Amino acid sequence: MTMTDAELAARIAAAAGRILIEIRESGLLEGKALGSAGDEVSNRFLLHALRAQRPDDGVLSEESRDTLLRREKSRVWIVDPVDGTREYGEERDDWAVHVGLAIDGEAKVGAVALPGLNGGVVLRSDRTAALPEPAATPRLVVSRTRPAKEALAVADAIGGELIAMGSAGAKAMAVVRGQAEIYLHSGGQYQWDNCAPVAVAAAHGLHCSRIDGSPLIYNEPDTELPDLLICRPEYAERVLEEVRRIG
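Mapped onto this note's numbering, the consecutive letters of the sequence shown carry residue numbers 2 to 248.
Right, dumping it as structure tokens:
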């Protein structure tokens, strides 16, 4: 039986995650060397799997040379073989594997694997659950090393609590999993950093946009997509208003 796009995304994201854990647990590599090996091996697996299962679709990957041939396709898989290579190399758990599918520029299907969590976790766009109850104090997930100035200002304005975390996928899924209410990023990202997370987050009923409120558009010639807001819908208007005020 042919797999649906969502089943395929989840299956290959989970498999790539298991491969990455095997590489890390071998004990043969560490630090940057471990991160480089993980990126390379995971990328090769994802590309081979997508070519075998969806040969007519385009692919955009962080770890492969981009060609604008993908622009001729309405269906483009956008993948990040290891989102949070630094965290993966440091043997932390806040890293992810992203497998997203953009259709006519919109992030429609996605799976985000969090292999470092106990037993591995895969969040997917075709299996959703009601959002957990929000915390009384809004929690904002931000970068461990360079939190966005807009996020800091919004947290101050709304009395929010900051939670430092690694990869973009881990931060976005923290909102999906009810560990935070807001993920606001403005420090620079690319399409592969947020396509799969946006597909999953939107399917779970979260607000997803650029930080000026405009839509996130994929399969554009420029792979940069530098800012992002994923949050519970009840916070979207207030956060966007505060960002406009800051600007």
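Note that beta-carbon positions come from the ideal geometry of N, C-alpha and C, so glycine has one too.
Note that the structure is predicted; figures quoted are calculated from it, not measured.
*asked:* Which runs of the beta strand (DSSP E) at least 3 residues long sit entirely within the region 151–203? Give them in chain order.
replied: The region 151–203 contains these whole beta strand (DSSP E) runs: 162–166, 183–186.
*Looking at ALA149 and HIS186, is the spacing between their C-beta atoms short of 8 Å?*
yes
*Would a C-beta distance cut-off of 8 Å place GLY111 and PRO198 closer than the cut-off?*
It is a contact, given that the beta carbons lie within the stated cut-off.
*Go through the region 29–56 residue by residue and report every complete run of the alpha helix (DSSP H) that reaches 4 residues or more, in order.*
32–54
*To which residues of the same chain is THR3 closer than 7 Å at the C-beta, ignoring the five residues directly before and after it?*
none
*Which residues mark the beginning and the end of the beta strand (DSSP E) in which ILE212 is found?*
Neither: ILE212 is in no beta strand (DSSP E) and is coded neither H nor E.
*So does the region 73–83 actually touch the region 97–113, counting three or more Cβ pairs closer than 8 Å?*
Short answer: they touch.
*Closest to GLN180 by CA distance: which of GLN192, GLY36, ASN220, ALA137 is it?*
ALA137
*Specify the secondary structure class of ILE22 as computed by DSSP and reduced to three states.*
helix
*asked:* Closest to GLY90 by C-alpha separation, out of ARG125, LEU163, SER168, would be which residue?
replied: SER168
*In three-state terms, what does DSSP make of ILE104?*
strand
*When you compare each of LEU70, LEU30, ARG19 to ASN119 by their alpha carbons, which one comes out closest?*
ARG19
*In terms of DSSP beta bridges, what is ILE79 paired with?*
LEU61, GLY101
*Going by the beta-carbon positions, is the gap between ASP228 and ARG246 smaller than 8 Å?*
no
_Distance between LEU69 and PRO222 (C-alpha atoms, nearest Å)_ = 7 Å
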